[in-house]
Structure formats: structure tokens, C-alpha cells
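A.B. asks: Structure incoming, see below.
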Amino acid sequence: MLGVPTEQARPGTIGSALYSSATPVALAKQMTDQNLILPKGRQADCVLTGRIIDEVAGFTSCVLAQNLYSDNGRVLLLERGSELTGEYGVSNQLGLERLFVTWSRLKTPEGIEIDLSSPGSDRLGTSGIPGHLDNRWGARLGAAFLLSFVKDITVAIINKQTQASSGSTINVQTASPGQNTLNASSSLAEEVIKQTIKVRPRLTINEGDRISIYVARDLDFSPVYALKNAGIAGATRLLTQ
Numbered sequence: 000m001l002g003v004p005t006e007q008a009r010p011g012t013i014g015s016a017l018y019s020s021a022t023p024v025a026l027a028k029q030m031t032d033q034n035l036i037l038p039k040g041r042q043a044d045c046v047l048t049g050r051i052i053d054e055v056a057g058f059t060s061c062v063l064a065q066n067l068y069s070d071n072g073r074v075l076l077l078e079r080g081s082e083l084t085g086e087y088g089v090s091n092q093l094g095l096e097r098l099f100v101t102w103s104r105l106k107t108p109e110g111i112e113i114d115l116s117s118p119g120s121d122r123l124g125t126s127g128i129p130g131h132l133d134n135r136w137g138a139r140l141g142a143a144f145l146l147s148f149v150k151d152i153t154v155a156i157i158n159k160q161t162q163a164s165s166g167s168t169i170n171v172q173t174a175s176p177g178q179n180t181l182n183a184s185s186s187l188a189e190e191v192i193k194q195t196i197k198v199r200p201r202l203t204i205n206e207g208d209r210i211s212i213y214v215a216r217d218l219d220f221s222p223v224y225a226l227k228n229a230g231i232a233g234a235t236r237l238l239t240q
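Per numbering that gives the first Met the number 0, residue 0 is the first one in the sequence shown, and the count goes up by one each step.
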């Protein structure tokens, strides 16, 4: 069999590098009708009709911005203005500037519906829809800095009171006046840090942004469309119902 060695070559020799991996044969097939097929890999240009914020999972929609033609370019299959609906989840990774959106359904102005199950991308075809990332440092660290500032003020007050009463500054870790207040503020600061550090960055994709959708499967419109005057230059599409 091609690609399978007849005898074992010694490792490290030239002979051991001359054998390739055996791969299965791929068989070609003819498309049913290129006039009514929107092929896998086509990019659909779309305009978002609502804002996306990835704090919670949800649904979204967009409107097709350009006409899409059949595989051979002769038949208009999807008109500009067709509506697409999709859904997105909440990312488990922090700091991502793209959101994965799955576009599930498309509906044309004539009422034709088709399942897409295709991913969103930017206009250059990069997977994921880019947005504005807000790291929310104020919400994540602001309270902790505020409590640290309060702690510093507490230490300064304790030292000042101790100096006024004894004439010398004493280490606040061993001093009793105000020590409970200092310990309480330290514990509170640690607890606040534990909670606020969990605040996730927020990714926002605005209404009106232009995106693309990568068609992930061949879309066959033969069950709903028929052709009239299917000449070389083009064809007129008719509803079968």
C-alpha cells in the first residue's frame, strides 16, 4: 500500500525520513444546482440592529447589507435587508476583545427562512466580532484603594495620638490605642479585594457596527425557488409555492 513501509528503517537514518503518511482518497461530487446553492465559505456583510454587552448571554440581530448571489453568480438568492438572528454567551476568559456569536437563522423580505448555524467575524473574516473592552479598573480596584487610604489615615492618627501621649512614636502593630480599628480596616480591605477582583471586564459592540458572517455550510434554496429564463447571462428566480 502506498505510504506504508515494507520494512522498518532504523531511527535516525535517511531511510526513516523517506516514508510519508497514508491518507484516504477524497472523492469529488457534483453540486445539485449551482444556480440555487449559496456555497460554504461565502461572507455575508451585515449591520447590527442592537447593542451587545457580554455581561450576560443573550440574542442579537442584524440586517444584510449587500445582496448575495448563487455559487455561479447568476441568481440572486438573498436580498439586501434580509434579517439574521443569532446568540452569544458569556466568555470565561478575561480580557478578550472579541465575542463569538453564532448566527442561527436568516429570513428574507419574501418570508423565506433558512438555518445558518454560522459564526460571526469582522469584515476581514477574522473569527469573532470585535468590540470595545472596558477593563473596569475603577470598579475592580477603586474600593480597595479607598480602604487602603483609610488605613493609612488610621495609622497616621494612631501614631499622632501615641506621640502626643508618650512623646515618642510607637510601632502601631504593638500599640493598643486604635489597634482594633486598624485590624478591622485591614480585614475589610482584604474582603473587598476578594469580591471586587471578580468584577469582569465588559465588552461592548455597538448598534450599527458592520460585521461579517462566515457561511459555514452550503445553503440549498431548491426547495423554495425555481428558475425562469435560465440563460447564460442570468436567471430569474421564482417561488415554488
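Every residue, glycine too, gets a C-beta built ideally from N, C-alpha and C.
#1: Cα-Cα, which of K159, Q92, L76, G80 is closest to Q33?
#2: From this set, R104, T12, R122, D53, which residue's C-alpha is nearest Y87's C-alpha?
#3: Determine, using beta carbons only, whether P118 and T101 come nearer to each other than 8 Å.
#4: What are the start and end residues of the beta strand (DSSP E) that includes E86?
#5: Can you tell me which residues form a DSSP beta bridge with I13?
#6: Compute the Euclidean distance between the alpha carbons of I36 and S221, then round it to the nearest angstrom.
#7: Does the Cβ-Cβ distance between R79 and N66 come in under 8 Å?
#8: Which residue wins for smallest C-alpha separation from L47, given the options R209, K106, S126?
#9: Excluding five sequence neighbours on each side, which residues of the same chain lie with their C-beta closer than 7 Å to the C-beta of P108?
#10: Tell me the DSSP bridge mates of S120?
#11: For E206, which residues from the same chain have a beta carbon less than 8 Å from its beta carbon, with the 5 sequence-adjacent residues on both sides left out?
#12: So the beta strand (DSSP E) Y18 belongs to, where does it begin and stop?
#13: Where do the ends of the beta strand (DSSP E) carrying R199 lie?
#14: For R122, which of R199, Q42, Q29 has the nearest alpha-carbon?
#15: Skipping 5 residues on each side, what residues in its chain have a beta carbon closer than 8 Å to that of E96?
#16: Does DSSP put Q33 in a helix, a strand or coil?
#17: By the three-class DSSP mapping on this structure, what secondary structure does K39 have?
#18: Locate the beta strand (DSSP E) running through S69, then write down its first and last residues.
#19: Can you give the Cα-Cα distance for V74 and Y68, rounded to whole angstroms?
#20: Is K227 helix, strand or coil by DSSP?
#21: In whole angstroms, what is the alpha-carbon distance linking A225 and L98?
C.D. replies: According to the structure data:
#1: Residue mapping note: residue 33 aligns to position 34 of the sequence shown, counting from 1. Among K159, Q92, L76, G80, the Cα nearest to that of Q33 belongs to L76.
#2: Counted from its first residue, the sequence shown places residue 87 at position 88. When only C-alpha atoms are compared, the closest one is D53.
#3: For this step, residue 118 is matched to residue 119 along the sequence shown. For this step, residue 101 is matched to residue 102 along the sequence shown. Taking 8 Å as the cut-off, the Cβ atoms of P118 and T101 count as close.
#4: Against the sequence shown, residue 86 aligns to sequence position 87. Where E86 is concerned, the enclosing beta strand (DSSP E) stretches over 82 to 87.
#5: Residue mapping note: residue 13 aligns to position 14 of the sequence shown, counting from 1. For I13, which the question treats as bridged, DSSP gives no partner whatsoever.
#6: Working through the sequence shown from its first residue, we reach residue 36 at position 37. Working through the sequence shown from its first residue, we reach residue 221 at position 222. Taking the straight line joining both Cα atoms gives about 8 Å.
#7: Position 80 of the sequence shown, counted from the start, is the residue given in the question as residue 79. Position 67 of the sequence shown, counted from the start, is the residue given in the question as residue 66. Here R79 is near N66, since their CB atoms are less than 8 Å apart.
#8: In the sequence shown, the residue the question calls residue 47 occupies position 48. For the residues R209, K106, S126, the minimum Cα distance to L47 belongs to R209.
#9: Numbered from its first residue, the sequence shown carries residue 108 at position 109. Result list for P108: E78, G80, S81, in chain order.
#10: Position 121 of the sequence shown holds residue 120. Assignment of beta-bridge partners to S120 by DSSP yields S126, S211.
#11: In the sequence shown, counting from the first residue as 1, residue 206 sits at position 207. So the list reads L47, T48, G49, R50, once near-sequence residues are dropped.
#12: Translated into positions along the sequence shown, residue 18 becomes position 19. Per DSSP, Y18 belongs to no beta strand (DSSP E) and is neither H nor E.
#13: Here residue 199 refers to the residue found at position 200 of the sequence shown. Unbroken run through R199: none, as it is neither H nor E.
#14: Within the sequence shown, numbered from 1, the residue matching residue 122 stands at position 123. Comparing Cα-Cα distances from R122 to each of R199, Q42, Q29, the minimum goes to Q42.
#15: The residue you call residue 96 lines up with position 97 of the sequence shown. Here E96 has P129, G130, L132, L202 as same chain residues with Cβ atoms under 8 Å from its own Cβ, once five neighbours each way along the sequence are excluded.
#16: Within the sequence shown, residue 33 is the residue found at index 34, counting from 1. Three-state result, Q33: helix.
#17: For the purposes of this step, residue 39 is taken as the residue at position 40 of the sequence shown. Judged by DSSP in its simplified three-state form, K39 adopts coil rather than helix or strand.
#18: For the purposes of this step, residue 69 is taken as residue 70 along the sequence shown, with counting starting at 1. Per DSSP, S69 belongs to no beta strand (DSSP E) and is neither H nor E.
#19: For the purposes of this step, residue 74 is identified with residue 75 of the sequence shown, where counting begins at 1. For the purposes of this step, residue 68 is identified with residue 69 of the sequence shown, where counting begins at 1. A straight-line Cα-Cα distance of about 5 Å links V74 and Y68.
#20: For the purposes of this step, residue 227 is taken as residue 228 along the sequence shown, with counting starting at 1. In the displayed model, K227 falls within a strand according to three-state DSSP.
#21: As a working mapping, residue 225 is identified with position 226 in the sequence shown. As a working mapping, residue 98 is identified with position 99 in the sequence shown. In this model, A225 and L98 are separated by some 38 Å (Cα to Cα).
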